[in-house]
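Novice:
Chains as they are written, first to last, in the numbering used here: chain A, 28 to 138; chain B, 701 to 1571.
1. Would you grab the beta carbon distance between residue 804(B) and residue 1064(B) for me? Rounded to a whole angstrom, and I think it's under 8 Å.
2. Please report the distance separating the alpha-carbon of residue 1242(B) from that of residue 1299(B).
3. Going by DSSP, which residues form a beta bridge with residue 109(A)?
4. Given that a residue counts as buried once 16 or more other Cβ atoms are within 10 Å of its Cβ, and exposed if not, what is residue 32(A)?
5. Output yes if chain A places a C-beta closer than 8 Å to the C-beta of residue 742(B); else output no.
6. Flag this pair as yes or no: are the beta carbons of residue 862(B) and residue 900(B) separated by less than 8 Å?
7. How about the stretch 1136–1146 of chain B and the stretch 815–829 of chain B: do they share at least three Cβ pairs that are nearer than 8 Å?
8. Kindly indicate the opening and closing residues of the alpha helix (DSSP H) around residue 1399(B).
9. Write down every uninterrupted run of the alpha helix (DSSP H) in the stretch 1261–1318 of chain B whose length is 4 residues or greater and which is fully enclosed by it, in chain order.
10. Classify residue 677(B) as helix, strand or coil using the three-state DSSP reduction.
11. Would residue 54(A) pass as an interface residue toward chain B - the criterion being a Cβ-Cβ separation below 8 Å?
12. Write down the C-beta distance between residue 870(B) and residue 1054(B) rounded to the nearest angstrom, noting that I regard them as a contact closer than 8 Å.
13. Return no unless some Cβ of chain A is closer than 8 Å to the Cβ of residue 719(B).
14. Measure the C-alpha to C-alpha separation of residue 1308(B) and residue 1362(B) and round it to an integer number of angstroms.
15. Indicate whether residue 1014(B) and residue 860(B) have their beta-carbon atoms separated by less than 8 Å.
16. Which chain A residues sit within Cβ distance under 7 Å of residue 1155(B)?
17. Considering only DSSP beta bridges, list what residue 935(B) is partnered with.
18. Can you give me the Cβ contacts of residue 124(A) inside the same chain, cut-off strictly under 6 Å, excluding the 5 residues immediately before and after it?
19. Note down, in chain order, every chain A residue with its Cβ under 9 Å from the Cβ of residue 681(B).
20. Could you please give me the residues that DSSP links to residue 1380(B) through a beta bridge?
21. At what residues does the beta strand (DSSP E) containing residue 1479(B) begin and finish?
22. Consult DSSP for residue 1430(B) and reduce its assignment to one of helix, strand or coil.
23. Count the other CB atoms within 10 Å of the CB of residue 130(A); is the residue buried (16 or more) or exposed (fewer)?
24. Within 8 Å (strictly less), CB to CB, does residue 727(B) reach chain A?
25. Using the C-alpha atoms, what's the distance from residue 827(B) back to residue 969(B)?
26. Can you list, in chain order, the residues of the stretch 80–108 of chain A whose Cβ is nearer than 9 Å to any Cβ on chain B?
27. Starting from the C-beta of residue 835(B), find all residues in its chain whose C-beta is less than 8 Å away, skip the five residues before and the five after it, and write them out in chain order.
28. Taking just the CA atoms, how far does residue 1538(B) sit from residue 1213(B)?
29. For residue 50(A), which residues from the same chain have a beta carbon less than 8 Å from its beta carbon, with the 5 sequence-adjacent residues on both sides left out?
30. Three-state secondary structure (DSSP) at residue 28(A)?
31. Listing by chain order, which chain A residues have their CB less than 8 Å from the CB of residue 801(B)?
32. Could you say if the stretch 785–792 of chain B and the stretch 1114–1122 of chain B meet the contact criterion of at least three C-beta pairs nearer than 8 Å?
33. Applying the criterion that 16 or more other CB atoms from any shown protein chain within 10 Å of the CB defines a buried residue, is residue 979(B) buried or exposed?
34. Can you find a C-beta in chain A that's less than 8 Å from the C-beta of residue 1178(B)?
35. Can you tell me the Cβ-Cβ gap for residue 1533(B) and residue 1219(B), rounded? I've got them flagged as a contact below 8 Å.
36. What are the partner residues of residue 979(B), as DSSP defines its beta bridges?
Shown next, in the form of structure tokens:
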């Protein structure tokens, strides 16, 4: 039971970090986020694309994202997400910790 | 901040469920359409593109639900679910719910009602602006080789403090003078409360006149025109709220008093007029005039600062002339002074009410536990389809809160309905200006009690029962009837606890009851049967006129055919008070004691015979020199042989007396008497105008006769001078009034004790009844195997007997401490009165046995065949 939780936490964490990273360049709607994620990593949304949305809502609740309805290029109504101040801080913190982890792993591997 | 936002979102989401689901649906729809368009651009057919987009997306319904859980409402919605489910559960077992709710209603209702009294008495006893600035002031004069004398400050002290320091905002002296005869213009004389006040007294309380002016220094000089300020209620009632009332007069004790102002509403509602107190110039320096001095400190001044500042300017002189040591000023907070008197009573009542509340909690906990045993199956099933332990605990606690809330609503209604009777019963003289009411503070308290109660009685069962699903398989396979071990032990503990609480409570009530019985069976020294008293007072203050009036009235009363004998005594005597005299005996010693004015015939009317010598006769009135002393006086000052001794008064008007008889000690003021000596004197034939005499007529009626008050009033009014005729009261009524506080305390504590006992018995009864119901099959098996009915019932009762015995033992230990609290209320009764303790233990044991035996009997009636088939 325990390892599974850790895995899914890790997965959540990775997904969150990637979404924050994607939104760092400007507001996007859900589908656009999915497309960018796909380009960055095949795995994160491999199971079902829809699971992106509960993750978005969760991050919005935590105050990392803000959203509003706006028109797309083609004139359709869509919900756009953008990074908040807290979200940016979160992204910085996660990036830093990720870097520390990878450096540490690299150090170990390089012996 | 985030927590707040989440909470708001939750609440909003509850009402906006549709808006949110629509938004989510639209967003997901948009996503799938975009993806399908993408596939279509890649060359797929429209239908295939949609299908592929859908497949890639996952199940939209599930995603939508998960999204909704995150976005809105999740938590709140489960709470609503829990509540709905809880209400269904409670309705499924109405007998359980009704007993639990009534029990809680009693517990919470009683505590809420008492709290409303505490609120009035302790939380807001001083209903004046900034009560924390109010203080009482006293002066202590240190003396060499002697204890310091503590006095009320003189007017000179007060005026120096007021003018020479910046510490005191206002200070003054005054008092409510009790009922004095008061006539409004030409109206009917009434006895109303009149206050006497120096300047600064009303202002200290923050009572500034709404019309006219207050009492000023000039009004307090001897010989100044008499002025007074009207109380608001009196002004509305007698003057119809006349705005031009200033300048009119009222007559107080037959003296005209000019109205100079009207006080605001809500200030001492019971006092009709505050009259300016007048000081003779030589009295201005007098300390210890018997009336308290109050003051209002300026904001932010501490007691220590005030003491130092006032001591620095206090005049050097003392009551005994110049002194080398300066006087000390003693300042106390008025709050402490006011509440000191009723803290003991409030503590006792709080303990009693707290015990009732605890018993109620224990009871409901026991019921919940017992009922829970039959819910094993339900809980096991819920656990097996995925409810975590936290979820089950929450569900069970929600049900507890529901019960507590229902009980509390009913309880607050009960408290509200019984408030007036409670206030009439509370053995406290509650502050006159802060009425007892169910206000917001009290409601907040009730809410707090409800939550604490729900946790108290709900948490233990919730934690125990939520453990049940660990035994899912066994529970389900035995059909839930194997749950007994889960709750029997805990139930027994609960019975022990509530029996212990009940013992403490009932012992307290029994002690107070016994003490009261002793109090009212005290020999009063006179015959209360057929004795009737009537208070009459001529409004004219001149003594010869009053004396002659009383004599004529007495003659007229004696002529009534219903009256066997009649006399009169100082009115104060009937209230337990009186004036104190210090005559000197021919033996050279002073004999202090109550000096009571009587008219001949008094002792005959009271049914009192002399212990030695004779009673007073009409012929003694010519000289007024014959005097009687009480038994105590005779023993204390004359070795029990007082007859023939002479007394000399050291008053302004010297008198000589000769002791002609000794009468038994008479408890004029009722059974509570502290053994003061008494002497009975006739009116002085050479009376001066300054002495006072206000008598009550006392008559002994012939058996079975009565005289209506109207008839007596008619007679009293028929001699010329205007008189004020009070109530006609039997001696029995007077005695009963004298122990009102004690009676109320007794009634209240007996009532609380009865509640506690009742709740405990209900608890034992219902827990046993549940045990029997739950163990039907086991009993069936035992009966089938040959157990006799007596054995079965015995086993059930034995399960209760041990905890009851344990509870009684623990309760005895608790009683030892708890009864110390009521020690000061007990009359000729020890807090550890063995007879009372034994009686209470025996009664409780028998009652507990019955409470267990009645439901246990049903076990014997179990038909083994039906019991076994019931599975």
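Note that CB positions come from ideal geometry on N, CA and C, so glycine has one too.
Specialist: So, from the data block:
1. 6 Å
2. 18 Å
3. 93(A)
4. Low confidence applies to residue 32(A): its pLDDT is 34, below 50, so where it sits in the model is not reliable, and the reading given next is rough at best. Residue 32(A) should be labelled exposed.
5. no
6. yes
7. yes
8. Counting along the chain, residue 1399(B) falls outside any alpha helix (DSSP H), though it belongs to the beta strand (DSSP E) covering 1395–1401.
9. 1271–1274, 1302–1306
10. Residue 677(B) lies beyond the residue range present for chain B, which begins at 701 and ends at 1571; the question has no answer from this structure.
11. For residue 54(A), the answer is no, since every Cβ of chain B falls outside 8 Å of its Cβ.
12. Not quite, the Cβ-Cβ distance comes to about 41 Å (not below 8 Å), so this is no contact.
13. no
14. 11 Å
15. yes
16. Within 7 Å of the CB of residue 1155(B), no CB atom of chain A is found; the nearest one sits about 30 Å away.
17. DSSP output for residue 935(B) lists no bridge partner at all.
18. none
19. Any property of residue 681(B) remains undetermined from this structure, which presents chain B solely from 701 to 1571.
20. 1296(B), 1328(B)
21. No beta strand (DSSP E) holds residue 1479(B); the alpha helix (DSSP H) holding it covers 1476–1484.
22. strand
23. exposed
24. yes
25. 12 Å
26. From the stretch 80–108 of chain A, only 80, 81, 82, 83, 84, 85, 87, 88, 89, 90, 96, 99, 103, 104, 105, 106 have a Cβ closer than 9 Å to chain B.
27. 994, 995, 996, 997, 1003, 1006, 1031, 1032, 1033, 1034
28. Spanning the two alpha carbons is a distance of roughly 15 Å.
29. 60, 92, 108, 109, 110, 114
30. The predicted position of residue 28(A) is uncertain, since its pLDDT is 32 and thus under 50; no value can be drawn from it.
31. Under the 8 Å cutoff, chain A gives no residues; its nearest Cβ is about 39 Å from residue 801(B).
32. Contact between the stretch 785–792 of chain B and the stretch 1114–1122 of chain B is absent, because fewer than three Cβ pairs lie under 8 Å.
33. buried
34. Because the pLDDT at residue 1178(B) is just 48, under 50, the model does not fix this residue reliably, and the value given afterwards should be weighed accordingly. Not one chain A Cβ lies under 8 Å of residue 1178(B).
35. About 14 Å separates the two Cβ atoms, so there is no contact after all.
36. In DSSP, residue 979(B) forms a bridge with 921(B).
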